[in-house]
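**Student:**
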Amino acid sequence: MAVGCVAGCPSRSFRSRSTFRPKTLSSVSRIAPRSQLQARPCKAQAHRARNCLERTCAVLNVDQSSFEAEVVKADKPVLLDFWAAWCGPCKLISPFMDKLEQEYGAALKVVKIEADGNPDLVEKYKVYGLPTVMLFRDGKKVDASHNEGAITLPKLKQYLEKHGIAAAAAAAS
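Heads up, the sequence shown is in this note's numbering, so the first residue is 458 and it goes up one at a time.
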């Protein structure tokens with residue numbers, strides 16, 4: 458039997474000195490049928506799922522096995538973001554990477570690499586601090602494109618312009 462969550466939290470009344478007695482299952486006025494629970498998901502769950510899908514669908518996560526196919530053999534410049542789940546500044550710039558992927562879509566590919574799961578790539582590209590952003594063009598790392606630490610969205614756009622990458626809207630006009 459499926460039981461829907463009950464709004465509210467058991468608490469003591471400040472006016473009454475009696476102890477709280479939780480309701481037994483038989484005293485609950487309505488139990489939602491399983492079909493109803495599955496048909497109408499909670500609004501908060503739907504909102505979180507939608508935001509999660511919007512957040513993760515734009516930027517590609519790459520590991521050691523897919524690095525060559527997605528970065529080295531890419532037909533356009535690639536912006537790499539080395540990150541870790543425990544890194545606060547990495548979480549701060551993550552939405553910026555999504556925005557860059559949307560804005561520069563035709564001109565730039567944005568890729569994330571989880572540093573803890575890919576120690577060989579971290580060592581090969583000399584990533585000493587997180588987050589680290591670097592640019593690849595024609596299968597090679599662009600000279601002087603290594604940038605460590607949190608960076609704002611306007612600074613990221615300046616960084617891309619400095620390396621000759623224009624937004625897709627600006628490139629089309």
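All C-beta atoms, glycine included, are put in the ideal place defined by N, C-alpha and C.
The structure displayed is predicted, hence computed values, not measured ones.
#1: When the distance is taken between beta carbons, is VAL535 closer than 8 angstroms to VAL568?
#2: Pull the bridge partners of ASN575 from the DSSP assignment, please.
#3: Between which two residues does the beta strand (DSSP E) containing LEU592 stretch?
#4: For ILE608, which of helix, strand or coil comes out of DSSP?
#5: Does the ligand MG have even one heavy atom less than 7 angstroms from the beta-carbon of ASP532?
#6: When the Cα atoms are used, what is the spatial distance from LYS548 to VAL579?
#7: Using a Cβ-Cβ cut-off of 6 angstroms (strictly less than) and excluding sequence neighbours within five positions of MET554, which residues of its own chain qualify?
#8: Which one of TRP540, LYS533 and ASN575 has the shortest CA to CA distance from GLY596?
#9: Tell me the rounded alpha-carbon separation between SER522 and VAL528.
#10: Along the chain, where does the beta strand (DSSP E) containing LEU557 start, and where does it finish?
#11: With ILE550 and VAL519 assumed to form a contact (beta carbons below 8 angstroms), what rounded beta-carbon distance in angstroms separates them?
#12: Does the Cβ-Cβ distance between GLY586 and GLU605 come in under 8 angstroms?
**Tutor:** Straight from the coordinates:
#1: Closer than 8 angstroms, so yes.
#2: Within the DSSP bridge table, the entry for ASN575 names no partner.
#3: Where LEU592 is concerned, the enclosing beta strand (DSSP E) starts and stops at 589-594.
#4: Looking at ILE608 - three-state DSSP - the assignment turns out to be coil, as it is neither helix nor strand.
#5: Questions concerning the ligand MG fall outside what the structure shown contains, since it holds no ligand whatsoever.
#6: The straight-line gap from Cα to Cα measures roughly 18 angstroms.
#7: These residues qualify, in order along the chain: VAL516, ASP538 and VAL567.
#8: Shortest Cα-Cα distance from GLY596 to any of TRP540, LYS533 and ASN575 involves LYS533.
#9: One C-alpha to the other measures close to 11 angstroms.
#10: In the DSSP assignment, LEU557 falls outside any beta strand (DSSP E) and lies within the alpha helix (DSSP H) extending over 545-560.
#11: Contact doesn't hold; Cβ gap of about 17 angstroms is too wide.
#12: A distance below 8 angstroms separates the beta carbons of GLY586 and GLU605.
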